[in-house]
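Chains as they are written, first to last, in this note's numbering: chain A, 234 to 584; chain B, 28 to 631. Where a beta carbon is used, it is the ideal one built from N, C-alpha and C, also for glycine. Given the structure is predicted, the values throughout are model-derived calculations rather than measurements. Down below is the structure, laid out as structure tokens.
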Amino acid sequence: MTSIAKPKIVHSGLARNVLGLTVRDYEGGMSTLCAGCGHDSITASIVQACFELGVPPHGVAKMSGIGCSSKTPAYFLSASHGFNSVHGRMPSIATGASAANRDLYLLGVSGDGDSLSIGLGQFMHALRRNLDMLYIIENNGVYGLTKGQFSASADLGAKNKRGEENRQPPIDPVQMALALGGTFVARSFSGDKEQLVPLIKAGISHRGFALLDVVSPCVTFNDHEGSTKSYEHAREFNLRAIHTDFVPPEEEIMAAYDEGDVLPVELHDGSRLLLRKLANDYDIGNRGEAIEYLRTRHRAGEIVTGLLYIDESQPDLHGANSTIETPLNQVPYEQLCPGPESLAALQKRYR
Amino acid sequence: MEPTDTAGTEYFHRVVDCQWACPANTDVPQYIRLIAQGRFADAYLLNRESNVFPGILGRVCDRPCEPACRRGRVEAEPVAICRLKRVAADNRGDIEDRLPRAPEVRNGKRVALVGAGCASLTVANDLAPLGYECVVFEALDRPGGLMRTNIPAFRLPTSVLDDEIGYITRLGVDVRYSSPVQSLKALLDDGFDAVFVGSGAPKGKDLRLPGRDASDRIHIGIDWLGSIAFGHTKSVGARVLIIGVGNTAMDCCRSSLRLGAKDVKVIARKPRRFFKASEWELEDAEEERVEIVVNYSPKAFVMENGKLVGMQFEELEYEFQGDDIVGQKVLRDVFLPCDDVVLAIGQENAFPWIERDLGIGFDRHEVPVIDTVTFQSTRPGVFFGGDAAFGPKNIIWAVKHGHEAAISIHKHCQGMATTERLPRGVNLTTAKMGIHEWSYSNGYEPAERRIMPHVELTKRFKKLNIEVELGFSVEQIATEVERCLNCDIQTAFTPKLCIECDACIDICPVDCLTIAPNGDATEIDERLKTPRQNPTQPLYVSEPLPQTGRVMLKDENICVHCGLCAERCPTGAWDMQKSTVKIPYAAEESRAGEAQWQNSRKAG
Ligand SMILES: Cc1cc2nc3c(=O)[nH]c(=O)nc-3n(C[C@H](O)[C@H](O)[C@H](O)COP(=O)(O)OP(=O)(O)OC[C@H]3O[C@@H](n4cnc5c(N)ncnc54)[C@H](O)[C@@H]3O)c2cc1C
Ligand SMILES: Cc1ncc(C[n+]2csc(CCOP(=O)(O)OP(=O)(O)O)c2C)c(N)n1
Ligand code: SF4
Ligand code: SF4
Ligand code: SF4
Ligand SMILES: [Mg+2]
Numbered sequence: 234m235t236s237i238a239k240p241k242i243v244h245s246g247l248a249r250n251v252l253g254l255t256v257r258d259y260e261g262g263m264s265t266l267c268a269g270c271g272h273d274s275i276t277a278s279i280v281q282a283c284f285e286l287g288v289p290p291h292g293v294a295k296m297s298g299i300g301c302s303s304k305t306p307a308y309f310l311s312a313s314h315g316f317n318s319v320h321g322r323m324p325s326i327a328t329g330a331s332a333a334n335r336d337l338y339l340l341g342v343s344g345d346g347d348s349l350s351i352g353l354g355q356f357m358h359a360l361r362r363n364l365d366m367l368y369i370i371e372n373n374g375v376y377g378l379t380k381g382q383f384s385a386s387a388d389l390g391a392k393n394k395r396g397e398e399n400r401q402p403p404i405d406p407v408q409m410a411l412a413l414g415g416t417f418v419a420r421s422f423s424g425d426k427e428q429l430v431p432l433i434k435a436g437i438s439h440r441g442f443a444l445l446d447v448v449s450p451c452v453t454f455n456d457h458e459g460s461t462k463s464y465e466h467a468r469e470f471n472l473r474a475i476h477t478d479f480v481p482p483e484e485e486i487m488a489a490y491d492e493g494d495v496l497p498v499e500l501h502d503g504s505r506l507l508l509r510k511l512a513n514d515y516d517i518g519n520r521g522e523a524i525e526y527l528r529t530r531h532r533a534g535e536i537v538t539g540l541l542y543i544d545e546s547q548p549d550l551h552g553a554n555s556t557i558e559t560p561l562n563q564v565p566y567e568q569l570c571p572g573p574e575s576l577a578a579l580q581k582r583y584r
Numbered sequence: 028m029e030p031t032d033t034a035g036t037e038y039f040h041r042v043v044d045c046q047w048a049c050p051a052n053t054d055v056p057q058y059i060r061l062i063a064q065g066r067f068a069d070a071y072l073l074n075r076e077s078n079v080f081p082g083i084l085g086r087v088c089d090r091p092c093e094p095a096c097r098r099g100r101v102e103a104e105p106v107a108i109c110r111l112k113r114v115a116a117d118n119r120g121d122i123e124d125r126l127p128r129a130p131e132v133r134n135g136k137r138v139a140l141v142g143a144g145c146a147s148l149t150v151a152n153d154l155a156p157l158g159y160e161c162v163v164f165e166a167l168d169r170p171g172g173l174m175r176t177n178i179p180a181f182r183l184p185t186s187v188l189d190d191e192i193g194y195i196t197r198l199g200v201d202v203r204y205s206s207p208v209q210s211l212k213a214l215l216d217d218g219f220d221a222v223f224v225g226s227g228a229p230k231g232k233d234l235r236l237p238g239r240d241a242s243d244r245i246h247i248g249i250d251w252l253g254s255i256a257f258g259h260t261k262s263v264g265a266r267v268l269i270i271g272v273g274n275t276a277m278d279c280c281r282s283s284l285r286l287g288a289k290d291v292k293v294i295a296r297k298p299r300r301f302f303k304a305s306e307w308e309l310e311d312a313e314e315e316r317v318e319i320v321v322n323y324s325p326k327a328f329v330m331e332n333g334k335l336v337g338m339q340f341e342e343l344e345y346e347f348q349g350d351d352i353v354g355q356k357v358l359r360d361v362f363l364p365c366d367d368v369v370l371a372i373g374q375e376n377a378f379p380w381i382e383r384d385l386g387i388g389f390d391r392h393e394v395p396v397i398d399t400v401t402f403q404s405t406r407p408g409v410f411f412g413g414d415a416a417f418g419p420k421n422i423i424w425a426v427k428h429g430h431e432a433a434i435s436i437h438k439h440c441q442g443m444a445t446t447e448r449l450p451r452g453v454n455l456t457t458a459k460m461g462i463h464e465w466s467y468s469n470g471y472e473p474a475e476r477r478i479m480p481h482v483e484l485t486k487r488f489k490k491l492n493i494e495v496e497l498g499f500s501v502e503q504i505a506t507e508v509e510r511c512l513n514c515d516i517q518t519a520f521t522p523k524l525c526i527e528c529d530a531c532i533d534i535c536p537v538d539c540l541t542i543a544p545n546g547d548a549t550e551i552d553e554r555l556k557t558p559r560q561n562p563t564q565p566l567y568v569s570e571p572l573p574q575t576g577r578v579m580l581k582d583e584n585i586c587v588h589c590g591l592c593a594e595r596c597p598t599g600a601w602d603m604q605k606s607t608v609k610i611p612y613a614a615e616e617s618r619a620g621e622a623q624w625q626n627s628r629k630a631g
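This is how it looks when you write it as structure tokens:
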């Protein structure tokens, strides 16, 4: 028999979340990516995180651009809204969606090509605006969909499948986000769900732009020897600097912890993050130090992962613009657009 | 935990739940697949290899496979395995020329078989094609044992019995009817090389209560059913009480309705969950408006003017602790009027014809001491099987005993040790046909079990032998075959190929795969993605994986064998492989012995 779709089997061992939904209710269509693609694991982690958080699927908008990574919203949360934009232009569409309905959970999924090559400008501005969304870059160092050309995140000296070396320096979205004032900056690895799932939950709960760069091996074009984004390489050089525990609002913090080692962070929705240092020489909560640390470890060939920086105090796009609490798409038309007389009156004030 | 050894036979054999649960290890998924392909004759012959009587068993088997069936763990009801067996039998056409035949020249060994029930018939079925001269002694004038005398024709038509028994008797088996064996000693003196006792458990239990001997309207269930089958009993009173609530009781109450009874009550001492009858037999009886009365304990048969008028009972109330009865008290005395009483409270072995000085050991309950593997008694050359061996069971167990006894008889007659038997084996071959193509129907569709259509209530009581179950329609067959989850198509794992990409973990629709650090059994249990619900089901622990040293874990319990793990695995670390369990029969033993003999001749 030919390939079949994943059947929806609600077996008795399946847990239910606060909404009474099972993890099956957060799944999507059958993936058409290559078997073994890291992106599929990120899909599974998004499904798991949304299920655990109890996010109502219809309250989510999945935003993406073009690329294998950008195809994945079809494979999770089939009951959610979504927009598959032009290559590299998802941030503007997301900005529009957020402007119109600030109550949406915006979940952006992009690739290293989509965000760091063609879409770099859009990406930087969304971050700078502190748009309230989780922005995941599924980072495989190549343009997977167009058959494996080096992308802007490919490391110097990394080899492609035919043995040719990359000669241009990489753009690291994490360093860039720190430099541009990002309020939630994290990195993970698709093969490490234990780390990835809490980071997705934290990113969704954070108010503002949550950047999550995920090393996500392309099994077909970038999983060979000499690649710095292969499963083997990512496993060998993964440096987990910070461990993040996500504690939902309704739950008490059970584990006792040492003030010096653990930094508790309260998010605006009442959930808490417990950040625990795994790398002793890392200074949580210091932007400048963080950038320096990343540069040094990158020179040593290491991939630093974890929630590397968080600042809950900064206003997001809506905060900065003092928009009203009610989502604009719920404001009656007459109120949103009060007519030519009102416009004339406003213009008069500036004469 | 230590890596699981799947190379041995047991692991993959256990995964095929139905086959593992079937006493005769019928290859269920393969026969269902053959039915799906419309290959009814092939499906029938595959069945016949293991269970010998597919048409009979497809109607009346006790079906221990069904409660074990995997489908019942994913949906409410298991696959209708038994009903599909009947489909194979009903549509098989003429298959006689495909059956093994007895050789022209016999091998010179003579085997006596006592009784022509399913146990003896299985032994003859296995031995006659090897050249053995099988002589069956049967007390009655026709073959089949309880299948003919006790299982009513409305459940099992005589023609079905005749067909399947005919396949065996036509192998040149010498059946001597109306020939009760009165002395085992005499039989042994006749110079048989081996004797098989398949005489069943012919004695129905009696209920010694006041009034028992005062009426001829109090019947012993199995004798009464026999006399109905032979046409001696043609009617019964309007009100009948059946004492006991096992399968015999179900046949007695339903037979009463066909003999003219109007008010039939089945009386049980205990509440429903303690009943011995299978759930479907109870349902069938209740469909026919039989009343089942619980918590009544018989006290006396009541006579008036020398005539049975009813029975006296004590109504009981039980005290429970969990599922166990820990106490009882009598609530009141109750009288139930009736015209006939049928006692259906059990059967026993009885061997009045076996002399006790022949070296055949009996225990203190007068039950023969039989080896559970070889079925040999304490006297070499005398074997037991079926109900005669360990008391009343059912047809499929009797068949299993017959196969095993046939192996022993063959070994005994050839001067080999009966205990040295060929082991079982499992063959595996990949089911991959190409990209996204598997050699089995791997799609999972939710579908409820099909319900067997029955003859209308108003029509079925007109005659004694109207078969109630009509058989599946074409649509029902088509749906039911697809409900089988192909448990014989196994997930086979090659650890050294795994790159730990998690594709299999993410795709598995029932979350039965996990990659986690190894640990002891409790730690492993805690690390499983879905908690283990059925620890009797196999758990697979792989060798350490190359990249991280973690292990692949698989809880077989609810794997639906969809093949998606293998489909999504980029390296082929998971593969779907068709397993075939090799069960040796006397024929295999004979071929193995032949090969050994040839080899030793070459060597010598
Ligand atoms: C009412 C009833 C309903 C049943 N329904 C089912 C059912 O639906 N499904 C199921 O699987 N099982 C059922 N069973 C059980 C099943 O019939 C028996 O387990 C099975 O028939 C045992 O087979 P056997 O070959 O061991 O013995 P039997 O079938 O009892 O055959 C023994 C034969 O030996 C003959 N015999 C006995 N003594 C001598 C002697 N001294 N010399 C010569 N011949 C002798 C007897 O006449 C008989 O023909 C039922 C049993 C009863 C009583
Ligand atoms: C405007 C435009 N330019 C170029 C392309 C061709 N194109 C399609 S996908 C892609 C690269 C995608 O790479 P990435 O975002 O890293 O996704 P991946 O497939 O690696 O996950 C390119 C260049 C396009 N579709 N549109
Ligand atoms: S699903 Fe099919 S193979 Fe599996 S136990 Fe049931 S009948 Fe047997
Ligand atoms: S065959 Fe594989 S994917 Fe399908 S249920 Fe079994 S383990 Fe899961
Ligand atoms: S899909 Fe294959 S390679 Fe990937 S984790 Fe599963 S078994 Fe290993
Ligand atoms: Mg890419």
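Among the candidates the options, whose CA atom is the shortest distance from the CA of residue i?
i      : options                           : result
B:P130 : B:G158, B:D547 and B:I422         : B:G158
B:I257 : B:Q604, B:R175 and B:P473         : The displayed chain sequence assigns Phe, not Ile, to residue 257 of chain B. Nearest C-alpha to B:F257: B:R175.
B:P184 : B:V87, B:S435, B:I59 and B:R110   : B:V87
B:Y204 : B:D168, B:L211, B:L188 and B:A180 : B:D168
B:P325 : B:E496, B:L363 and B:P179         : B:L363
A:G436 : A:Y542, A:V537, A:L349 and A:G329 : A:Y542
B:V263 : B:N561, B:G273 and B:C280         : B:C280
B:K632 : B:K232, B:V320 and B:D366         : The structure shown has nothing for residue 632 of chain B, since chain B only spans 28 to 631.
Is it the case that the Cβ atoms of residue i and residue j are separated by a distance below 9 Å?
i      : j      : result
B:L591 : A:K239 : yes
A:L586 : A:K304 : There is no way to answer for residue 586 of chain A, as the model of chain A reaches only from 234 to 584.
B:F499 : B:E507 : yes
A:A533 : A:I433 : no
B:Q517 : B:K420 : no
B:V293 : B:E314 : no
A:G441 : A:E545 : yes
B:E308 : B:M338 : no
Less than 8 Å separating the Cβ of residue i from some heavy atom of ligand 7?
i      : result
B:P536 : This structure lacks ligand 7; the ligands present are ligand 1, ligand 2, ligand 3, ligand 4, ligand 5 and ligand 6.
Could you list which residues in chain A have their beta carbon closer than 7 Å to that of residue i, in chain order?
i      : result
B:Y471 : P240 and I242
B:V537 : I242 and H244
B:C511 : Those do not exist, as B:C511 stays about 13 Å from chain A at its closest Cβ, beyond 7 Å.
State the CB to CB distance for the pair residue i and residue j, rounded to an integer number of angstroms; the pair is presumed to be in contact (CB under 8 Å).
i      : j      : result
B:A51  : B:C92  : That pair is no contact at about 10 Å.
A:F479 : A:L511 : Going by Cβ atoms, the distance from A:F479 to A:L511 rounds to 16 Å, so no, they are not a contact pair.
B:A425 : B:V150 : The Cβ separation is near 10 Å, so there is no contact.
B:H439 : B:G408 : 6 Å
B:E165 : B:G142 : 6 Å
B:S254 : B:N274 : Not a contact, Cβ separation roughly 19 Å.
Along chain B, which residues have their Cβ under 7 Å away from the Cβ of residue i?
i      : result
A:E465 : Q574
- prompt: Which residues, taken in chain order from the segment 301 to 333 of chain A, show a beta carbon closer than 8 Å to some beta carbon of chain B?
  reply: none
query: In the segment 513 to 538 of chain B, which residues sit with their C-beta less than 8 Å from some C-beta in chain A, listed in chain order?
result: I526, E527, C528, D529, A530, I532, D533, I534, P536, V537 and D538
query: Can you list, in chain order, the residues of the segment 446 to 457 of chain A whose Cβ is nearer than 7 Å to any Cβ on chain B?
result: V452
message: Can you pull out the residues from the segment 564 to 575 of chain B whose beta carbon lies closer than 8 Å to at least one beta carbon of chain A?
response: Q574 and T575
- prompt: In chain order, what residues of the segment 264 to 275 of chain A put their CB closer than 9 Å to some CB of chain B?
  reply: S264, C267, A268, G269, C270, G271, D273 and S274
- request: With 8 Å as the C-beta to C-beta threshold (strictly closer), list the residues of the segment 421 to 441 of chain A near chain B in chain order.
  value: S423, G424 and K426
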